[in-house]
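Take a look at the structure below.
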Amino acid sequence: MKHVIVAIALIMGVTVSAHAQTAPKKEKAKKETVKMKEHVCTSACKDGSHVYAHGEKGHTCGEECKKKM
């Protein structure tokens with residue numbers, strides 16, 4: 789009887805460890821591809837310092853920009 793219980797425990801252990809080692813499928817992050825426009829200076833651009841709007845070449849999204857989206 790002990791051999792049967794030990795055999796069942798070993799089979800369950802192998803089965804559980806085999807399932808635990810399979811890597812879960814990862815979803816690919818969807819990147820938004822936004823066609824960037826050329827920068828157009830506005831009243832915010834002063835003395836050679838440019839303020840880039842969302843979607844313009846040279847713009848990097850910050851916290852404030854992400855809040856608006």
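Residue 857 is where the sequence shown ends in this note's numbering, and the numbering goes up by one at each step.
We put the beta carbon where it would ideally sit given N, CA and C, even for glycine.
- Looking at the DSSP output, Glu-844 bridges to Lys-825.
- Close CB contacts of Lys-825 within its chain, under the 8 Å cut and outside five residues either way in sequence, are with Gly-843, Glu-844 and Lys-845 (chain order).
- Between Ala-841 and Thr-848, the gap from beta carbon to beta carbon reaches 9 Å or more.
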